[in-house]
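> Take the sequence shown: its letter number 54 is residue 288 in our numbering, and every next letter is one higher.
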Amino acid sequence: MRHKLFTLVGRLAIALPGIGILAQPTISVQALSSAVARAPGMPGSGIAQGSIFSIYGSGLGPTTWIEANQFPLPTTLGGTSVTVTVQGTSVPAIVLGADSAQVNALLPSSAPIGNGTFTVTYNKQTSAPAPIQVVGSAFGIYTFNEQGTGQAIATDANYQVNTIIHVFHPNDYVVLWGTGLGAISGNDAAPPPVGNLPTQVTVYVGNIAANVSYQGRSGCCSGLDQINFQVPAGVTGCYVPVAVETGGITGNIGNFATIAVAENGDTCTDSIMGPDLVNQLAAGQNVSFGYVRLYDKSLYIQPGVSSIGGTYDFGAATFSQYTPATAGLAQYGVSAGYCAAMDCSYGCGPVMMYTLEPSDTSPAQLDAGALTVGFAAPTALTQVSPPDGFYFSVLSIGGRYLWPSESYPVAGSGGAAVGPFSVTDVSSSKTAATLAFTGITPQQSIPLASDLALQWTGGDPALQNGTVTILATSLSQDGSQNGLILCTAPASTQSFTIPKRVLAALPASGSATGYGQLSIGQYNTPTSFTATGLTRGIITDIFNSAIWVNFQ
Numbered sequence: 235m236r237h238k239l240f241t242l243v244g245r246l247a248i249a250l251p252g253i254g255i256l257a258q259p260t261i262s263v264q265a266l267s268s269a270v271a272r273a274p275g276m277p278g279s280g281i282a283q284g285s286i287f288s289i290y291g292s293g294l295g296p297t298t299w300i301e302a303n304q305f306p307l308p309t310t311l312g313g314t315s316v317t318v319t320v321q322g323t324s325v326p327a328i329v330l331g332a333d334s335a336q337v338n339a340l341l342p343s344s345a346p347i348g349n350g351t352f353t354v355t356y357n358k359q360t361s362a363p364a365p366i367q368v369v370g371s372a373f374g375i376y377t378f379n380e381q382g383t384g385q386a387i388a389t390d391a392n393y394q395v396n397t398i399i400h401v402f403h404p405n406d407y408v409v410l411w412g413t414g415l416g417a418i419s420g421n422d423a424a425p426p427p428v429g430n431l432p433t434q435v436t437v438y439v440g441n442i443a444a445n446v447s448y449q450g451r452s453g454c455c456s457g458l459d460q461i462n463f464q465v466p467a468g469v470t471g472c473y474v475p476v477a478v479e480t481g482g483i484t485g486n487i488g489n490f491a492t493i494a495v496a497e498n499g500d501t502c503t504d505s506i507m508g509p510d511l512v513n514q515l516a517a518g519q520n521v522s523f524g525y526v527r528l529y530d531k532s533l534y535i536q537p538g539v540s541s542i543g544g545t546y547d548f549g550a551a552t553f554s555q556y557t558p559a560t561a562g563l564a565q566y567g568v569s570a571g572y573c574a575a576m577d578c579s580y581g582c583g584p585v586m587m588y589t590l591e592p593s594d595t596s597p598a599q600l601d602a603g604a605l606t607v608g609f610a611a612p613t614a615l616t617q618v619s620p621p622d623g624f625y626f627s628v629l630s631i632g633g634r635y636l637w638p639s640e641s642y643p644v645a646g647s648g649g650a651a652v653g654p655f656s657v658t659d660v661s662s663s664k665t666a667a668t669l670a671f672t673g674i675t676p677q678q679s680i681p682l683a684s685d686l687a688l689q690w691t692g693g694d695p696a697l698q699n700g701t702v703t704i705l706a707t708s709l710s711q712d713g714s715q716n717g718l719i720l721c722t723a724p725a726s727t728q729s730f731t732i733p734k735r736v737l738a739a740l741p742a743s744g745s746a747t748g749y750g751q752l753s754i755g756q757y758n759t760p761t762s763f764t765a766t767g768l769t770r771g772i773i774t775d776i777f778n779s780a781i782w783v784n785f786q
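1) How long is the line joining the alpha carbons of C455 and T552, rounded to whole angstroms?
2) Is the separation between the beta-carbon of T557 and that of V401 shorter than 8 angstroms?
3) Residue ranges of each beta strand (DSSP E) run of no fewer than 3 residues wholly in the segment 474 to 539, ordered along the chain?
4) Leaving out five residues on either side along the sequence, give the residues of the same chain with a beta carbon under 7 angstroms from the beta carbon of P277.
5) Using CA coordinates, which residue listed in S710, V628 and E479 is at the minimum distance from A371?
6) Quick check on this structure: which residue in D694, G692, G673 and G693 has the alpha carbon closest to the alpha carbon of L686?
7) Tell me, please, which residues DSSP counts as bridged to N462.
8) Which ranges does the beta strand (DSSP E) cover as unbroken runs of at least 3 residues, wholly within the segment 369 to 434, from first to last along the chain?
9) Assuming V736 is part of the beta strand (DSSP E), what are its boundary residues?
10) If you scan the segment 601 to 678 from start to end, which runs of the alpha helix (DSSP H) of 4 or more residues do you find wholly inside it?
11) Which of helix, strand or coil does DSSP assign to T727?
12) Taking the alpha carbon of I308 as the reference point, which residue from Q751, T298, F655 and V329 has its own alpha carbon closest?
13) Contact defined as beta carbons within less than 8 angstroms: I believe V644 pairs with V618. What is the distance between those atoms, to the nearest angstrom?
14) Under 8 angstroms Cβ to Cβ from G538, same chain only, skipping five residues before and after it: list those, please.
15) At the level of alpha carbons, what is the spacing between S729 and F671?
16) Using only CA atoms, which one of G646, S505, A550 and I631 lies nearest to T764?
17) Use the C-beta contact count for K664: other C-beta atoms within 10 angstroms, 16 or more gives buried, fewer gives exposed.
18) When you compare only the Cα positions, how much space is there between G562 and D694?
19) Please report the residue range of the beta strand (DSSP E) in which G348 lies.
20) Would you kindly work out how many angstroms separate the C-alpha atoms of T774 and V526, rounded to a whole number?
21) Contact between the segment 423 to 435 and the segment 517 to 526 is defined here as three or more beta-carbon pairs at a separation below 8 angstroms; is this criterion met?
22) Where are the beta strand (DSSP E) runs, 3 residues long or more, that stay fully inside the segment 281 to 367, in chain order?
23) For the pair the segment 609 to 616 and the segment 625 to 637, tell me if three or more CB-CB distances fall below 8 angstroms.
24) In this structure, does DSSP put Q698 in helix, strand or coil?
25) Check whether the segment 455 to 470 and the segment 344 to 354 are in contact - that is, three or more C-beta pairs closer than 8 angstroms.
26) Using the Cα positions of S710 and P676, report the straight-line distance between them to the nearest angstrom.
27) Pairs of beta-carbons, one from the segment 691 to 708 and one from the segment 753 to 769, closer than 8 angstroms: are there three or more?
28) For P399, which residues of its own chain have a beta-carbon under 6 angstroms away from its beta-carbon, when the five flanking residues on both sides are left out?
29) Could you tell me the alpha carbon to alpha carbon distance between G331 and G633, rounded to whole angstroms?
30) Grouping DSSP H, G and I as helix and E and B as strand, with all else coil, what is L768?
31) Taking all protein chains shown into account, do 16 or more other C-beta atoms lie within 10 angstroms of the C-beta of W782, making it buried, or fewer, making it exposed?
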């Protein structure tokens with residue numbers, strides 16, 4: 235039996251990265267929760283009893299995807315089976331779907347908690363054991379981009395999916411979909427029991443703990459969990475973070491996603507695309523949005539601090555087409571006053587990997603031809619994976635390319651989808667470029683188990699919505715864990731606190747300089763441009779002041 239929502243979430247793990255392991259020649263395997271792609275050892279990284287997880291590799295199953303479609307659910311499907319062994323106890327996982335590259339499975343509620351291994355067997359060939367960590371609970375939110383970030387799969391009581399063109403309102407009731415609330419007392423292969431599970435659950439919407447009315451299995455599908463909660467008053471924005479903490483453990487959050495909330499109306503207003511483009515999407519039209527960004531990052535440029543300095547300037551651009559059906563992929567950061575954390579241990583996608591911002595996840599990226607920045611000797615913005623529409627180039631390392639209050643022309647030659655254009659960015663004011671943290675010294679140790687109170691000077695409240703962008707990044711000593719936190723805050727307050735539940739998403743920094751970093755900057759007010767094939771294009775810039783720290 236299949237619920238109509240299961241079509242939306244049934245194979246959400248397909249695009250998620252995995253955990254590489256050594257395997258026999260014919261079968262290699264990778265595993266992770268189907269909603270969470272967190273590196274081993276980080277909070278929320280385990281696979282919960284009774285949850286859905288995915289395995290990746292080769293030779294895992296038949297060439298064509300098959301899936302279980304009736305109860306009782308099988309432990310062998312199309313010749314594929316999965317065995318999980320923890321503390322000497324082996325249990326067969328329930329196989330929900332399989333092909334040669336992927337297996338979706340359900341970890342039995344009876345699996346012991348702890349570190350262990352699993353194997354995949356197909357046509358009597360068994361893989362080498364791969365590591366697995368079984369936990370009591372670790373809730374992963376399903377998301378539109380199938381990577382555990384951005385717009386959550388969340389619906390109203392009528393199963394209408396939330397996006398920037400179908401928003402929630404304060405006090406609305408929401409159904410949040412995911413997996414990992416924990417074990418049930420019955421048989422996982424049978425129709426799932428409906429009722430609250432005993433797992434301690436806290437749902438954070440923005441900075442507020444929401445009122446939860448239900449936490450348990452969905453009646454349709456084994457392993458599929460739903461949490462029903464009420465949107466708190468005072469929360470608003472196209473990209474309001476939502477996170478689920480389980481087990482009463484601070485930071486036991488599988489992933490941070492976002493929902494769209496507005497005080498009234500059906501759409502939200504703070505997307506960088508502009509409310510008019512959002513309204514066009516809501517009216518059933520497609521929109522094509524070009525987003526060009528110039529970045530200056532100054533390291534160790536802190537008032538009164540004498541230490542190593544340098545710059546790293548770069549440019550990036552995306553050209554994305556959105557339809558009403560893909561509006562959930564129009565992700566541009568987090569709304570003002572909030573933070574979201576991401577695990578980038580296995581990569582954060584091509585855009586976020588370079589810009590450190592979640593955005594532009596439309597599958598319809600548009601080729602705009604060749605892009606250049608500058609006057610006499612223009613620098614090319616190179617397509618990272620032509621013709622996917624994502625452009626990136628380093629403009630300078632060590633020496634500054636971008637300066638405040640200067641003009642930087644950007645030209646596009648025109649490509650298969652976007653016509654020629656030219657636009658000039660007049661960079662941010664000197665006031666904005668002096669934005670910097672105070673009270674933090676280079677390589678200062680910052681505890682991950684406490685709130686982080688930040689203060690700064692500088693900034694220009696007249697620039698885009700009067701907000702600043704704060705980034706925290708941390709890389710573990712061996713490089714296996716890589717975390718990112720993105721926050722926005724009102725510039726005029728000159729202070730902001732990153733909650734410890736968010737900081738807990740970062741790994742401890744390695745000892746080498748540069749393994750941990752805090753930065754603050756402010757985007758310039760965008761300049762619009764037009765081109766054939768675009769509904770709108772904008773260009774903006776940001777000057778970031780960064781400092782190396784040690785998150786511990």
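Built from N, CA and C at the ideal position, the CB exists for glycine as well.
Straight from the coordinates:
1) Cα to Cα, the separation comes out at about 37 angstroms.
2) Their beta carbons are not under 8 angstroms apart, which means T557 does not touch V401 by this criterion.
3) Annotation: the segment 474 to 539 contains the following complete segments of the beta strand (DSSP E) (minimum length 3 residues), in chain order: 487 to 495 and 521 to 533.
4) Sequence-distant partners of P277 (beyond 5 residues in either direction) whose C-beta falls short of 7 angstroms from its own C-beta, in its chain, are G485, N486, I487, A738 and A739.
5) Note that residue 371 is Ser in the sequence shown here, rather than Ala. S371 has its Cα closest to that of E479, out of S710, V628 and E479.
6) Measuring from the Cα of L686, the nearest candidate turns out to be G673.
7) DSSP lists V409 and Y448 as the bridge partner or partners of N462.
8) The segment 369 to 434 contains, as complete beta strand (DSSP E) runs of 3+ residues, the segments 407 to 413 (chain order).
9) Here V736 belongs to no beta strand (DSSP E); instead the alpha helix (DSSP H) covers K734 to L737.
10) Here the runs fully enclosed are 664 to 667.
11) Of the three classes helix, strand and coil, the one that applies to T727 here is helix, per DSSP.
12) The sequence given here has Pro at residue 308, not Ile. Measuring from the Cα of P308, the nearest candidate turns out to be V329.
13) 17 angstroms between Cβ atoms; not a contact.
14) In this predicted model, G538 has a pLDDT of only 38, less than 50, meaning its place in the structure is not dependable; the value taken from the coordinates is given anyway. Here G538 has no same chain residue with a Cβ atom under 8 angstroms from its own Cβ, once five neighbours each way along the sequence are excluded.
15) It is roughly 9 angstroms from the alpha-carbon of S729 to the alpha-carbon of F671.
16) Relative to T764, the option among G646, S505, A550 and I631 whose CA is nearest is G646.
17) The residue in question, K664, is exposed, as its Cβ has fewer than 16 Cβ neighbours within 10 Å.
18) In a straight line, the C-alpha of G562 is about 31 angstroms away from that of D694.
19) Its beta strand (DSSP E) spans residues G348 to Y356.
20) Rounded to the nearest angstrom, the two C-alpha atoms are 6 angstroms apart.
21) Flag = no, the segment 423 to 435 and the segment 517 to 526 do not touch.
22) Taking only runs of at least 3 residues, the beta strand (DSSP E) segments lying wholly in the segment 281 to 367 are 286 to 292, 314 to 320, 323 to 326, 328 to 332, 336 to 340 and 348 to 356.
23) They touch, by the three-pair rule.
24) Helix at Q698.
25) As far as the Cβ criterion goes, the segment 455 to 470 does not touch the segment 344 to 354, which means the pair count is below three.
26) It is roughly 18 angstroms from the alpha-carbon of S710 to the alpha-carbon of P676.
27) Contact holds: three or more Cβ-Cβ distances are below 8 angstroms.
28) Per the sequence shown, the amino acid found at residue 399 is Ile instead of Pro. Once the five neighbours on either side are set aside, the close Cβ partners of I399 are T501, L515, A516 and A561.
29) In a straight line, the C-alpha of G331 is about 53 angstroms away from that of G633.
30) Correct three-state label for L768: coil.
31) It counts as buried.
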